[in-house]
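Participant:
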Amino acid sequence: MTDSGYVWLVSEQAMEAPNRPDGVLSLRLNSLNESAMIRDSVQVLTNALKEMYENDNITVPPTDCGKISTNKWESGIKFFKYLKNQTFNGETGRIAFDEFGDRLLSDYDIVNIIEGKETTVGTYSFSKNNMKMELHLNEDQIVWPDNERTKPLGYIIPKHLRVFTLAEKPFVWVKPTIRDSICKTGQKLCPKYNTTVKKYLDECCEGYCIDLMEELAKRLNFTYDLEQVEDGQYGTYNFINGSRIWSGLVGEVPSNQIGYHLLNMCSFSGELVYRRGDMVAAPLTANPERGQVIDFSKPFKYEGITILQKRQPRKAALASFLQPFENTLWFLVLVSVHVVALALYLLDRFSPFGGFKMADVVPSDEGALNLSSAIWFSWGVLLNSGIGERTPRSFSARVLGMVWAGFAMIVVASYTANLAAYLVLNPRDDQAAVSGIEDSRLRNPTENFTFATVKGSAVDMFFRSQVHLFNAYRTMEETNRQSPEEAIAAIKLGLFRHSY
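Note that the UniProt record's numbering has the sequence shown beginning at 1, numbered continuously upward.
(1) For cysteine 204 and glycine 186, I'd like the C-alpha separation in whole angstroms.
(2) Check threonine 2 in the structure and name its three-state DSSP category.
(3) Given aspartate 460, which residues of its chain have a CB within under 7 Å of its CB, disregarding the five upstream and five downstream residues?
(4) Could you check whether the stretch 41-48 touches the stretch 83-97, counting it as contact only if at least three pairs of C-beta atoms, one from each stretch, sit closer than 8 Å?
(5) Given a threshold of 16 other Cβ atoms within 10 Å of its Cβ, counted over all protein chains shown, does glutamine 228 qualify as buried or as exposed?
(6) Identify whether threonine 119 lies in helix, strand or coil by the three-state DSSP scheme.
(7) Which of the three DSSP states is assigned to phenylalanine 80 in this structure?
(8) Can you list, in chain order, the stretches of the beta strand (DSSP E) that have 3 or more residues and sit fully within the stretch 94-156?
(9) In the DSSP assignment, the beta strand (DSSP E) including glutamate 54 goes from what residue to what residue?
(10) Put arginine 349 into one of helix, strand or coil per three-state DSSP.
(11) Beta-carbon within less than 6 Å of serine 336's beta-carbon, same chain only, minus the 5 sequence neighbours each way: which residues are those?
(12) Which word fits isoleucine 240, buried or exposed, when buried means at least 16 other C-beta atoms lie within 10 angstroms of its C-beta?
(13) Of the choices Ser394, Val399 and Ala341, whose alpha-carbon is the least far from that of serine 373?
(14) Is DSSP giving alanine 458 helix, strand or coil here?
(15) Quick one: which unbroken beta strand (DSSP E) runs of 3-plus residues sit fully inside the stretch 205-261? Chain order, please.
(16) Who are the near neighbours of threonine 195 in its chain, counting only those whose CB is closer than 8 Å to its CB and skipping five residues on each side?
(17) Could you check if arginine 219 is buried or exposed, using at least 16 other CB atoms within 10 Å of its CB as the buried criterion?
(18) Got a sec? Which residues, its chain only, sit under 6 Å from phenylalanine 321 by beta carbon, not counting five neighbours each side?
(19) My assumption, with CB atoms under 8 Å, is that proline 324 sits in contact with tyrosine 415. Please give the rounded CB distance.
(20) What are the boundary residues of the beta strand (DSSP E) that includes phenylalanine 164?
(21) Quick check on this structure: which residue in Gly116, His136 and Asp107 has the alpha carbon closest to the alpha carbon of serine 125?
(22) Could you check which residue in Asp64, Leu104, Leu493 and Ala408 has the C-alpha nearest to that of tryptophan 330?
In structure tokens:
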């Protein structure tokens, strides 16, 4: 910032710094004639005491300074007022003081640092002839930063500005007019061009940014016309024939010009890129891409990316215990139970050591495994419950029962290990809250998981510029809305679940 094109104006104390660069300008109180200053000081005291003696009774000051809060010297307060009221032409110029007792209309030297030394290049002093402060500056002697002899041009701001904005509560509210081109007190007329009817429609704007513009206009002494941006976007760019074309508010702001960004929220930017206006007053976010074409002042509000989601009622589905397994797996388990039960019954029925006895053995059906007992046995093993008294008696049926018991143990262990995680985290539920921008559902969105942002916003530009969020941007590109109000309304209606 010490290169050419800049101007450094510093205080008198800063001039004492050892590393002051060449080209610095400062005011220095002209106090070379100390004798004249002492005589003027004595004259001020004499005049004040004389006036006080003639007009007021001077009391004795308190002797105990430890109780100064209770024993105030009223005459001392009055004496200070008489000192501040002294005005006359002294040897060092016009003598006058402000409400704090600091001297007004003092004589100053304008000092310029040239080759590390202080050089007087002008004066700012009181003229007894014209009775006002006058500046005398020798610009030919001034050395500007980077040893330039030519004064920097600076920026010329016109007195009447064309300002663009867009609606976003609470910074800018758009209301209808009372009647033709008439707004309520505190509102500003802000017409918007309607592409359907091909003309401007009058509306009224109010809010924080409008109040700020009004205050700036009063303090900086300028007037302005307010207008809403035609496409209603903050501003993004597209490459057309190799050129970067900006839309929205940024398209209204020219490159390489001065601007004022008063928040990540209210911003003011200098002349327009396409020469359609002079300034922007709207909740416009500063980012590197926009900073390449417009200038922002220091922001005073910072915010990150926020995820907005419709609050869903808490539901406990009766079938939630089935979520750890797919429906196909549950069906196969049910089929397996009955197939194994049928196999157990047949093996035990026709085995010589089961229901089909040897010839010399007295036939007995007591404890034999029938079909219902086989089904009960199969379910009991799977659910780890009592299996009753009738169990397979043949060797082949018992081997099958052991295999089934091992399978049931694996299935039950897998189910119980995942049930708690599925019920608490519920990763397959699209209604669950998004953990953040790195959520896997954003990187790899499913067909039923929809989300969006505002077209032309800084978040839209962020998603588009991030390679790892390419799939997310392609998904949200089709559902993006024109304004935050439209996005919030869509979330409430359930058209999509998330907005940024």
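Each residue gets a CB set at the ideal place from its N, CA and C atoms; glycine is no exception.
Small disclaimer: the values here were computed from a predicted structure and weren't measured.
Facilitator: To lay it out plainly:
(1) 10 Å
(2) coil
(3) For aspartate 460, where only same-chain residues beyond five positions count, the Cβ hits under 7 Å are Thr236, Thr453, Val454 and Asn480.
(4) Taking a cut-off of 8 Å for Cβ pairs, the stretch 41-48 and the stretch 83-97 touch, as three or more such pairs fall below it.
(5) buried
(6) strand
(7) Correct three-state label for phenylalanine 80: helix.
(8) 108-114, 117-127 and 132-137
(9) Looking at the DSSP string, glutamate 54 is not in any beta strand (DSSP E); the run it does join, the alpha helix (DSSP H), is 34-55.
(10) Three-state DSSP puts arginine 349 in a helix.
(11) none
(12) exposed
(13) Ala341
(14) If DSSP states are grouped into helix, strand and coil, alanine 458 belongs with the helices.
(15) 223-228, 237-240 and 243-246
(16) So the list reads Glu230, once near-sequence residues are dropped.
(17) exposed
(18) Around phenylalanine 321, the same chain offers no residue with a beta carbon nearer than 6 Å, after the five sequence neighbours per side are excluded.
(19) 5 Å
(20) 160-165
(21) When each option's Cα is compared against that of serine 125, the closest is Asp107.
(22) Ala408
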